[in-house]
Structure formats: C-alpha cells, structure tokens
Amino acid sequence: MSPAAAWHPLDPLTPDEITGASLAVRKYIAIETDVKAVKFITCYLLPPPKKAVLAYLGIPLAPGAKPEAPVPITRKAEADIIDLVNGRSFNVILSFQEDEWKVDTFDLLEEGLQPQISVEELLICERIVRQDPLVIKLAKDVGVSPEEINCEGWSIGFDERFPKSLRLQQGIFFARFSRHDNHYAHPMDFIAVVDSNSEKVLHVEFAAHYKPSPNGPSLSAPSTQAPPLEADQLAHANRGRIPPPRPAFDFLPDLMATTQENFKLRDDVKPLHIMQPEGVSFKLTGTQIEWQNWKFHIGFNHREGLALSTITYNDHGEVRPVIYRLSLAEMVVPYAAPEHPHARKFAFDSGEYGMGAMANELTLGCDCLGQIHYLPGVYVNHDGSPHVIQNCICIHEEDAGVLWKHSDFRPGGRSQTVRRRRLVVSMVCTLANYGESPSMAARRHVLIALAEYIFNYMFYQDGSIELEIRLTGVLQVYIAADGEQTPYGTIVAPNVSAQYHQHIFSIRVDPMVDGIHNSLVETDIMPAPAPTGSAENFAGNAFTATDTVLKTAAAREHEAGRERRWRVVNPARTHYSTKRAVGYGLGVKGAAVQLMTQHDGWVGRRATFTKKALWVCRDEEGAKGGRMWPAGKYVPQTRDAPADSIGNWVEDGASIENEDILVYLTVGVTHIPRPEDWPVMPVEHLNVYFKPQSFFDANPSMDVPGVRDPHSVPAFGATPQTCH
Ligand SMILES: [Cu+2]
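Under UniProt numbering, the residue at position 302 of the sequence shown is numbered 302, and the numbers go up by one with no gaps.
1. Below 8 angstroms between beta carbons: does that hold for Glu-330 and Phe-609?
2. Going by CA-CA distance only, name the one from Arg-241, Thr-33, Glu-304, Lys-295 that's closest to Gly-317.
3. Measure the C-alpha to C-alpha separation of Trp-678 and Tyr-576 and round it to an integer number of angstroms.
4. Counting along the chain, where does the alpha helix (DSSP H) carrying residue 744 start and finish?
5. In whole angstroms, what separates the C-alpha of Arg-444 from that of Ala-359?
6. Cα separation between Thr-532 and Asn-541?
7. State the DSSP-derived secondary structure class of Thr-610, mapped to helix, strand or coil.
8. As an exercise, report each continuous alpha helix (DSSP H) stretch of at least 4 residues that is fully enclosed by the UniProt domain "Copper amine oxidase N3-terminal" (115-206), in chain order.
9. Round the Cβ separation of Gly-157 and Cys-125 to the nearest angstrom and send it over; I've been treating them as touching at under 8 angstroms.
10. Once you ignore the five residues that flank His-599 on each side, which residues in its own chain have a CB closer than 8 angstroms to its CB?
11. Indicate whether Ile-82 and Pro-115 have their beta-carbon atoms separated by less than 8 angstroms.
12. Go through its chain and collect everything with a Cβ distance to Phe-690's Cβ below 6 angstroms, but skip five positions before and after it.
13. Does the segment 228-243 come close enough to the segment 141-148 to have 3 or more Cβ pairs within less than 8 angstroms?
14. Considering only residues of the same chain and omitting the five flanking positions on each side of Leu-108, which have a CB-CB separation below 8 angstroms?
15. Determine the direct distance from the alpha carbon of Ile-289 to that of Lys-76, and round the result to whole angstroms.
16. Does DSSP classify Ala-442 as helix, strand or coil?
17. In the DSSP output, what is Trp-629 paired with across the bridge?
18. Just checking my contact of Val-663 with Val-616 at CB under 8 angstroms: how many whole Å lie between their CB atoms?
19. In three-state terms, what does DSSP make of Trp-101?
20. Please state the DSSP three-state secondary structure of Arg-88.
21. Find the nearest neighbour of Arg-130 within the set Lys-102, Ser-118, Ala-175, Glu-120, judged by alpha-carbon distance.
22. Classify Val-588: buried if its beta carbon has 16 or more other beta carbons within 10 angstroms, exposed otherwise.
23. What three-state label does DSSP hand Pro-705 in the structure shown?
24. So, with DSSP's three-state summary, where would you put His-26?
25. Compute the minimum distance between the beta carbon of Leu-471 and the heavy atoms of ligand 1, and state whether it is under 7 angstroms.
26. Express the C-alpha separation of Trp-629 and Ala-79 in angstroms, rounding to a whole number.
27. Are the Cβ atoms of Ala-592 and Ala-613 separated by less than 8 angstroms?
28. Find the nearest neighbour of Gly-463 within the set Arg-573, Arg-344, Gln-292, judged by alpha-carbon distance.
29. If you draw a straight line from the alpha carbon of Cys-43 to that of Asn-570, how long is it in whole angstroms?
30. So what does DSSP say about Asn-648, is it helix, strand or coil?
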C-alpha cells in the first residue's frame, strides 16, 4: 500500500479492505483448518503503534521536541469469526503485505468467549421466535396472531442455567397491530431464550408480577431467583396470562391523526433556517479535519462508532498535541427490576451490540441542520462483505451563543461581544429495535428507536472540547397487570411499566497533553481548616484548591461535596504565569453517576467500570493493540469481568506519573421514567468537558472576530438598535 496524501494511519478499513481481508480469512480457513463454514462478526483496523502514528504525522512526543523519524507502518486488520457448525469462535489478525492481505494469527477463543452480537443475529432472533410453535401458541392465547408478534433480540446478560458454549439472546415480545404501530405500547408477558448459532428457541419464561397487599406491592413468585429450566415457568410466576394493552401510543403524525382523538400538529412553529452564505469554515483532507486551530482524525468502527484521534491545537504556529484518542469505550444499561428474568436486562450497548453497528443513516435537514458534510461508516456482514452506512458521521458548525463579552459601563465606554462557534462531529445510534425487514438494505427504513443515543463531539474556539451525549427514543417497557404498581418502575400509561434504569458510559481518554508522557492531578476544593475568628482566617472566608498528583494506577470517586475535579498535565512544561504544569481539565460535574445496584451483583461483577467515577492506568500496547475495553474485549455472556479489563489494569500498581496514561471517565444518567417520557422521550443531555488549564498563556479566543450579523432583525419590525 502506498499511502496517499490524504491517508492517515488510523483510517478505518475501507469496504475494499474488508472484502480483501475476509477473502484472505476464507482462503486461510479452506487451506489451513478443518472449519467448514463461518460467519464474520467483526473485521476492523488493528491500529499501528502510537509512536509510529505520531512519527508519521510529525507530532512531537514531548514539548518543544522534534517529531521522531517516521518508521514503516504495516496496515493490519483484526476479525472475529464464528464456526457455523459447532459455534467455536476465532480471532484473526491480518496484515497487508505485498499487495495482499495475509493471515498472521488464527486463534481459537477459549470456550465461553463470545464476540459481540451482530445486527444480523438480532434480526435472526425475531425470525426464529416467529416460527416457533410454542411462541405462536402463547401469543394466540392472549389474542395476538403470528404476524403481529414482534420480538427484540437482547443480550442475555447473566444466566448460569445455560452452557457457556451457546450463543444466547433473550427475546422480548411486543405485539404490533398495524404496519407502523408503536409496538412498545403493547408489551407481552413472556420472554424467550434463543441460540443464534443453532437458530432455535431454547426456553420460554414468565416474569412474576406484583400484587397489591397491605404492606405495598408483593411479588407473586416466592423469589426473584430463576426457577430451574424444567420447572413450569408460569406456575412458578404464580399469576395468570396478561393480554397486551391495546391502546395506541403512536409517534408518527399521520398515525396519531387516526389513533388519537382531536390530534393536530401545532401550526405556530415558523421556519428557522441556518445559512452559511460563504460556506463552512472547516477543511477536510481525507478523514482529517482542520477547524479554528484544531486538527484531528475522524475514525469509525463497529464497536465504538466514532473515535477521534491525534487531536492537536495550533497555538500560534506550534502544533500542540492534546488527546491521542477519544471515544466511547463501553456502556451498560442496568435495569432495576429484580424479578426473573428482568434482572438479566443490563445490555452493554457498546461491547455487546456495538455503537457503530447501530449507527443511523442520517437525513439532511432533519437530523442535521445547515451545511453538513457526511462521512460513511463501515462494518462487516456475516458473509464477510462490507456494510456501508452512508451519511453516518455528520460534521457541521453551529452558533453556540456568546463566547465572551465585556462592556465598559462608564459613559462613552465601549463593549465587545464575540459569538461562539462550535464544530460538531456527531453520530446517532439506535439500540435494540430492528423491526421486520426483508433485507439489510431496507432495515434502515424500518428503524424506530428503543433508545437513541446522539453522540456530539464539539470543538470550541477557546481550546475546549465537549462530548455531549443526548438520549432520546422509546423507553424499554414491560406489561403491567390491571391496577399493578411496582416498586421498580413507573406505570407510564395504563398496563405499561417502564422500569427504573441507568445509562452508564465509559469514556476512554488517551491524553497527550503536549506529548505522550502525562500525569493526573486530582483537585479538591475545601474550606481552609483555620476557624473563623482565627489569625489565619478571621472572616472565615478562606477556601482553597488542593492538588494531588496521583502516583499509581487508581480508581477514584467523584466527591461532589468537594467539587472534586481532575486534570491531565505534562510536568515537562510549566505555564509562564501560574507556574503550574500545562494541562487539560476533565470536567464531569453534572455527568458523574454512581452505580445504584449492589456492587457485588451481576452488573457490578461484569461492569467493573461502573463502580468508580474515574480510572487511570498506564497504556500498554501489545500485539493486539493497547488497553481498550474496560469490561473486556469479549463481553457477551461474561459472568465476571475478564482479566483484561479495567479493574485489573489499575491493580497492577504501575506508576502513572509522567507516563503514557489512559483515563476512563464513568458518566451517566439514572432514569426514573416519567409519563412525559412516553411514548417517546424528549432529549436529555449529558456533558463532559475537556478544558485547557494553564495550557495557553491566556484566553486563546481573543482573536475571534466580533462580527455583527446583518441578518438579525427586530422580531416585530421595531427600529433596529445599534451595537454601540
Ligand atoms: Cu433511559
């Protein structure tokens, strides 16, 4: 491969590269192994070593240093495949040499390790259950015909009753009474367990329900524990069958007009357009973008979706590295209902399904307003062919209010106002609902949301970066019996229960503040200990910020009462005025979340990252890349956090002072559903900030022009005011 000018070593595999790599895997299998048939689950870039990437791009490793001399970079790929005959899984590493892909390693995964659940497998789940005679009968018993059965494939979470070797999903049922009906309004009262390798329904089960009692709702079953597989599941749940609620709660306006009395779209919203008459202010070279002194690479993979790399800021001619790589490394959504089988609901949307594989094809003028540039996203299909999501990554600029302003209030004093502009790189992911669809191509058109996550990476002119996660979509709901109330959910509509849950994200930050050797500083804001009236603190007003440099790998709590904050610093460079090491703050205030479940429960055991607000460890690059996945590389069906996951990374006690470090931030939302979140939840925001702190000499945005917008006019035609 001869790198083109626009080539970046972290460019995702192209569709042609995926085709080439999967062909090489097939060839290898045919010649070297006894494997008869496979399905591809993943096929993606195995990134080159960090130092090689930085040398290639001419980014220095230390402040003021010269970049290292470039070294040859071999293009590598990694694939996970499953043997269709016996369900064994393999990890394959390939490299591109002499104009073709070659298999370097072909490793059988330990029994029980499952590559992530593919989009096709989620669809297979629905197909399997619809053909199953027991499912058809159980649906019929509550008035639902076979063609009305909708089923969502979910990761199984945790269930020791099944062998590890099976590739399991749980199917959660809804009825759909017309083609585009919101089927979440019609939850059904049973759940299936399927094996996506043998394509069989293995088991059907019934949750216990809550009955009113003088002491509040009481569970109909003797325990929240799962009964043995051979037990009569309905008898164990100790309740009758419950037919799905029928009332429609549509979200499509034409359907609402027919299913809701007096429904009418409001008619007092007048057009609001965003115009950039001279075009956009960003420049793209391949997948590298430059905007307002920022330069970075936009990558994509099936698992994280968007990943931004080699983020630098041009500070008056000096290209200063800030972050090597920034991405959503993991997330989990634990649900609070303890009764079997609801306790199994804690999907790892990233590690089990893949945020990239769930990314939407975006629509100009709806998802994104203004002048938009889109990039595609690619992942592999079961047959090894590339699946291209067109318009997957959206790039645009937005006005974001005032950047800075000052008025001299004295008579004749002048004022200056500068508008804030931001560059937004975003992706929208839809989790866990893939309605009926005859083909993968058509699939995109029948998507409606169970949960939609909008990931916005936003860059500002003052040197700050913001990651905003927006949550919307339809609540995951279950059926409630007439008059049933549960301690673990909200009855958002009659017979529709929305269980309490959390959305917990792990943001992976691989910092390189002025180079790759960084330290982490923890700051607590505290009142000075000297009492009011004392010589040191007579008025009692003193408070101070106490910095502690963390010496070794650690997991830290977010102490809200101390306004605890963290920053990544480079001890090799000191600010000219503050005399502090140059740094970037990691702002999680308002976004930090605590795992609300028992910490030794299933969620805590599998998703260690949820137990602390911040994790910091050394990055260690091996043959299969650096430390990446906080809940492990292979997440589906784990029963404990794997050895190669975050809890163990911080246990190594490695020095993290002035080292190549990794930071994982745990942020999230605890969702106690409201009826106002139904039938579709209005968007909720979660924000994480990366802000320069003693990094620049002063406000780096003083040179942003304060231009008066000639298109701004009085709302009601009054005399225009002048600025000054
Ligand atoms: Cu939620």
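Even for Gly, the Cβ is constructed at its ideal location relative to N, Cα and C.
Well, looking at it:
1. Here the question's residue 330 lines up with position 330 in the sequence shown. Here the question's residue 609 lines up with position 609 in the sequence shown. Contact flag set, yes.
2. In the sequence shown, the residue the question calls residue 317 occupies position 317. When only C-alpha atoms are compared, the closest one is Lys-295.
3. By one-based count along the sequence shown, residue 678 stands at place 678. By one-based count along the sequence shown, residue 576 stands at place 576. Going from the Cα of Trp-678 to the Cα of Tyr-576 covers about 54 angstroms.
4. Since the first and last residues shown for the chain are 1 and 724, residue 744 lies out of range.
5. The residue you call residue 444 lines up with position 444 of the sequence shown. The residue you call residue 359 lines up with position 359 of the sequence shown. Interpretation of Arg-444 is limited by its pLDDT of 37, a score under 50 that renders its predicted location unreliable; the figure taken from the coordinates is listed afterwards. In a straight line, the C-alpha of Arg-444 is about 10 angstroms away from that of Ala-359.
6. Here residue 532 refers to the residue found at position 532 of the sequence shown. Here residue 541 refers to the residue found at position 541 of the sequence shown. Each residue's alpha carbon lies about 8 angstroms from the other.
7. For the purposes of this step, residue 610 is identified with residue 610 of the sequence shown, where counting begins at 1. In the three-state DSSP reduction, Thr-610 falls in the helix class (H, G or I).
8. 119-130, 133-141
9. As a first step, residue 157 must be located in the sequence shown, where it is residue number 157. As a first step, residue 125 must be located in the sequence shown, where it is residue number 125. Rounded, the Cβ-Cβ distance is 15 angstroms, inconsistent with contact.
10. Against the sequence shown, residue 599 aligns to sequence position 599. These residues qualify, in order along the chain: Lys-611.
11. On the sequence shown, residue 82 is found 82 positions in, with the first residue counted as 1. On the sequence shown, residue 115 is found 115 positions in, with the first residue counted as 1. Cβ atoms of Ile-82 and Pro-115: closer than 8 angstroms.
12. Residue mapping note: residue 690 aligns to position 690 of the sequence shown, counting from 1. Here the set comprises Ile-465, Tyr-584.
13. yes
14. For the purposes of this step, residue 108 is taken as the residue at position 108 of the sequence shown. Hits under 8 angstroms: Arg-88, Ser-89, Phe-90.
15. In the sequence shown, residue 76 corresponds to position 76, counting from 1. In the sequence shown, residue 289 corresponds to position 289, counting from 1. Their backbone Cα atoms lie some 23 angstroms apart in a straight line.
16. Indexing the sequence shown from 1 puts residue 442 at position 442. Note that Ala-442 scores a pLDDT of 37, beneath 50, so its modelled location is shaky; the value from the coordinates is reported in the next line. Reduced to three states, the DSSP call for Ala-442 is helix.
17. Position 629 of the sequence shown holds residue 629. Trp-629 pairs with nothing; no bridge assigned.
18. Residue numbering aside, residue 663 sits at position 663 when the sequence shown is read from its first letter. Residue numbering aside, residue 616 sits at position 616 when the sequence shown is read from its first letter. Right, their Cβ atoms sit about 5 angstroms apart.
19. Taking the sequence shown and counting its residues from 1, one reaches residue 101 at position 101. When secondary structure is reduced to three states using DSSP, Trp-101 falls in the strand class.
20. Residue 88 sits at position 88 when you count from the first residue of the sequence shown. Arg-88 falls in the coil class under three-state DSSP.
21. Here residue 130 is taken as the residue at index 130 of the sequence shown, counted from 1. Ranking the options by Cα distance to Arg-130, first place goes to Ala-175.
22. The count along the sequence shown starts at 1 and reaches residue 588 at position 588. Val-588 comes out buried.
23. Here residue 705 is taken as the residue at index 705 of the sequence shown, counted from 1. Here DSSP, grouped into helix, strand and coil, assigns Pro-705 to coil.
24. On the sequence shown, residue 26 is found 26 positions in, with the first residue counted as 1. Position check: residue 26 holds Arg in this sequence, whereas His was assumed. Here Arg-26 sits in helix by DSSP.
25. Translated into the one-based positions of the sequence shown, residue 471 becomes position 471. Result yes, Cβ under 7 angstroms from ligand 1.
26. Here residue 79 refers to the residue found at position 79 of the sequence shown. Here residue 629 refers to the residue found at position 629 of the sequence shown. Spanning the two alpha carbons is a distance of roughly 16 angstroms.
27. As a working mapping, residue 592 is identified with position 592 in the sequence shown. As a working mapping, residue 613 is identified with position 613 in the sequence shown. Yes.
28. Taking the sequence shown and counting its residues from 1, one reaches residue 463 at position 463. When each option's Cα is compared against that of Gly-463, the closest is Gln-292.
29. Against the sequence shown, residue 43 aligns to sequence position 43. Against the sequence shown, residue 570 aligns to sequence position 570. Whole-angstrom Cα-Cα distance: 36 angstroms.
30. The residue given as residue 648 occupies position 648 in the sequence shown. Here Asn-648 carries a helix assignment [DSSP, helix/strand/coil].
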